[in-house]
Amino acid sequence: MARLGPAFVFAQIDSTRKVEAAILVIVASSVRENADSRVQAAGKFQGYDMIIQSKSILNFLVLQTKLATHLRNRNGEPSERNATELQMKRIITHFLGDVSFEPSALQKIADSLEQGQQAPEQPDSNSNDAALGDHYSVDLLSTSTMHYSGELSHWNFSRMLERRLRTFGDQTRQTEDSAHATGFHRATDLHSSGSSVTLAKSYFPPKHIAEFLTNAFIKFSQTNYFYFDESTFRQKLDFYYSTPHPPSINDAGWICTLLMTFAIGTQFAQMQANSTPGSINSSTERTPDDQIGLELYRFACRLIPDLITVASVETVQAFLLMGVYTLPIDTAGLAYVYYGLAIKMAIQNGMHRKLPEGNLAPEIVEVRNRLWWSAYSLERRIGILHGRPVSVSPAEIDAPLPTDLPALRPIGRSTNLPNFTAAIVLTDHLAKASEAMKSLRNCPKPRKKQFLRQLASTRDQLSSWWDSLTSEIHCRDLDATGAFFRCNVHLEIYYKTTLIYMGRPFIISQVSSGMLDSVDSSRTHEVPDIVNILRRDSLHAALRVIELCQLLQDTVGLARVSYTEFNGCRVALLALIAHSINGPSSNISRSLNQGMALIRQICTGLESAQSEVAVIEALERARQRLHNHSVAEQSGSTDAVTGYDQFREWTKLWQSEPLEGGNLGFSSGLEMSFDQHTPNSVPSFDGFFSSFPNELSEFAAIPGIYYDLSLGQEWMTEPQAEGSEWSVNAPL
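Every number in the numbering used here is 859 more than the matching position in the sequence shown, counting from 1.
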């Protein structure tokens, strides 16, 4: 076919009767130019089977739109103009499927063509999967409130029907008929009748104290996440302190954000004012700081019904901060629920999806993205470490990762964005490791090696990624004088606890195999090399976490309400206890003693943390008795031990308190006296040591400690073929 240009088309056409001929010429010209990548068109023009590449289709449609406009201007007859528009829409729908005919949507298509961009591919209208190609929608209700509808939602299907009906009949009439149906019902009738938000200002501290608490939050609590735009926060702070009018229900999000920021600031107020490193208040009584923070939190909780009803971006901030406040107090309970509410509010606003460009200012879009990734990462991490199911599938998320915007940079200091992004990536690696470990535990035996390799690959990727991070200012810079020193230490604790998490099931597997049992002590098991690497990583990571906690204690001081510091120290101690059971060493013993001293300081005043520390102390004491018993057996001194000596040893565990008293003191060996406990604290496990199993294989079955992560040992202990890559004889 001879090539004919657009000039020829416009020169030859007199009327609308020759539109088909123009279409044929333009499409044929486009086909010749784009013959390298093509798709089969569904229709025929003038008897020709046309093969049209997707970009050619869009180019053709733009030219055809110009052609129709030219013809309307010449003829000017309303009936012919409407008929032409109707046929044009039918043609567009035929080629591109169900697309919007709104001027803004058509303008975007035209702009992309003028810039030479490839338009996104559309699903084949004749395909059985055409119904699955409907796009999600994020409808703007205000700058802080949106309505999200997924691909297969009722709302999106009704919108698809509306667009399809617009291709037929009178466009003006249908626009009028559907005008009253646009928008979304907001359940304003469910708002509190006399909302507590009007009383919120009575709970505000004086302005200078509010500034102090805000600075404490930003310096010590924000660390490696994003909770609000600081500039906007301070503007809102000034506004609510200066305006004489009481806040309304629409202010609930920001009011709660302010209150929770103040409450969290009270948790770190002592660190903000204290310049002496390592000086943590050793009192177990609740301080006035704690009482003020608790009152602020309790009032903020009264706003929860209104926060859920308003469902704005600010409510995501509020629930995030509620989770931060309760994280060291009730991690797997309240904090997990608050993070879940933040996730639900974010999804309702479509914050997990990518927004079309141009609908909102870049700063607003970036704040949405950062809030989403903070909520998602925190909830995901807590869920993994506490054995909760996945709340949101990663396949449902296409929100861009945080990017640097000058408008969102804090005033007078550097942004924590590199650390924030690193925390997101670390959580993703943790999730991948968790999936591989679950598969390794539950899959058929022949596939275990496959998932073990997958876990090893995740470990290698994690290590390579960590080594690639910057060591200046952010991430791996551990200069104590640096602006992000504490943030960077927390980031490395994240990294090391992930390595511990990956290797600790194999520690338990070895413990439960009875390798140190007196009967089987001479037996040498063949262990896969990958397992050896993961176990070594967990040991070295546990030792490093104790070093990092000590580094914090010697410089800026440990925070008694820092979940990162407490959880890192706890995980490290449990791993060291397990490793010490396998093979005691002076290095591990020193780290255990050091870690126990540190964790007792961190848990000061927190009853929930004290109960968890009591479990660790019980395990450590049982380990010490087991080790002492093994040493005595090896020295042959057990024969000289009489029944009375054993009875005396057993009675020492009871000390002077009867079991009925309900409060059992700590043993003197743990360097914590009875009067250091609050009345409501969980007692030590000393009274129950008589029921602790003495055999190592039974010790691994203590309920609640790693039982859900232990892997079967039988697949690793079977003899391997000589020369197999999966067996090594060298001990760990």
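Backbone N, C-alpha and C fix where the C-beta goes; we use that ideal spot for every residue, glycine too.
These figures come from a predicted structure and were not determined experimentally.
Query                                                                                                                         : Result
9 Å Cβ cutoff met for Leu1218 and Leu999                                                                                      : Looking at the sequence shown, residue 1218 is not Leu but Asn. Cβ distance < 9 Å, so Asn1218 and Leu999 count as in contact.
Collapsed DSSP secondary structure at Met1455 in the structure displayed                                                      : helix
Buried or exposed (CB count within 10 angstroms, at least 16 for buried), Gln1176                                             : buried
Residue nearest to Ser1236 in terms of C-alpha spacing, selected from Asp1287, Pro1269 and Val1390                            : Asp1287
Residue span of the beta strand (DSSP E) that contains Met1005, given as start and end                                        : Met1005 to Ser1008
Identity of the residue in Leu1276, Gly1182 and Thr1274 nearest Ala1234 by Cα                                                 : Gly1182
Inter-residue spacing [alpha-carbon to alpha-carbon] between His994 and Pro1215                                               : 12 Å
Meets three-Cβ-pair contact criterion under 8 Å: the segment 1321–1333 and the segment 1060–1067                              : no
Rounded separation between Ser1273 and Asn941 - CA only                                                                       : 59 Å
First through last residue of the beta strand (DSSP E) which encompasses Ser996                                               : Ser996 to Leu999
Boundaries (first-last residue) of the alpha helix (DSSP H) holding Ile1436                                                   : Tyr1422 to Asn1441
C-alpha distance - Leu1417 paired with Leu1411, whole-angstrom precision                                                      : 6 Å
Beta-carbon spacing of Tyr1360, Leu1435 below 9 Å                                                                             : no
Complete alpha helix (DSSP H) runs within the segment 1235–1323 (minimum length 4 residues, chain order)                      : 1276–1301
Pairwise C-alpha distance: Ile1475 and Ala1468                                                                                : 11 Å
Sequence-distant residues of its chain with Cβ nearer than 7 Å to Asn1539 (five each side left out)                           : Low confidence applies here, because Asn1539 scores a pLDDT of 40, under 50, leaving its location unreliable; read the following figure in that light. The answer, listed in chain order, is Glu1466.
Assumed close pair Asn1391, His1333 - CB separation to whole angstroms, cut-off 8 Å                                           : 33 Å between Cβ atoms; not a contact.
Limits of the alpha helix (DSSP H) - the one that Arg1025 falls within                                                        : His1013 to Arg1025
Proximity test, Val1056 beta-carbon vs the ligand MN heavy atom, cut-off 8 Å                                                  : You won't find the ligand MN in this model; it holds no ligand whatsoever.
Which of helix, strand or coil DSSP assigns to Met947                                                                         : helix
Cβ neighbour criterion (16 or more within 10 Å) applied to Lys1066                                                            : exposed
Supposed close pair Gly1246, Tyr1195 - CB separation, criterion 8 Å                                                           : Wrong, their Cβ atoms sit about 11 Å apart, outside the cutoff.
Which listed residue (Asp1263, Ser1439 and Ala1290) has its alpha carbon closest to that of Ser1250                           : Ala1290
Beta-carbon contacts of Pro1110 that lie in its chain and below 7 Å, excluding the five residues immediately before and after : According to the sequence provided, residue 1110 is Asp. The question's Pro does not apply to it. The residues are Val1056.
Which of helix, strand or coil DSSP assigns to Val1224                                                                        : helix
Cβ pair Ala1282, Leu1350 closer than 9 Å                                                                                      : yes
CB of Ala1292 within 9 Å of CB of Leu1264, strictly                                                                           : no
Three-state secondary structure (DSSP) of Thr1340                                                                             : coil
Among Ser1448, Gln1129 and Ala1456, nearest to Phe1425 - alpha-carbon criterion                                               : Ala1456
Minimum C-alpha distance to Arg1239 - residue among Pro1221, Val1226, Thr1190 and Leu1267                                     : Thr1190
Pair within 9 Å by beta-carbon distance, Arg1345 and Phe1085                                                                  : no
Residue nearest to Arg1429 in terms of C-alpha spacing, selected from Pro1253, Ile1270 and Gln1460                            : Gln1460
CB contact check: Glu961 to chain C, cutoff 9 Å                                                                               : You won't find chain C in this structure, because it holds only one protein chain.
Selection from Gly1209, Pro1187, Ser1450 and Arg1161 that minimises the alpha carbon distance to Ala1170                      : Gly1209
Own chain, CB closer than 6 Å to Leu1072, minus 5 neighbours either side, in chain order                                      : Phe1121 and Gly1124
Proximity of Leu1285 and Thr1262 at Cβ, strictly below 9 Å                                                                    : no
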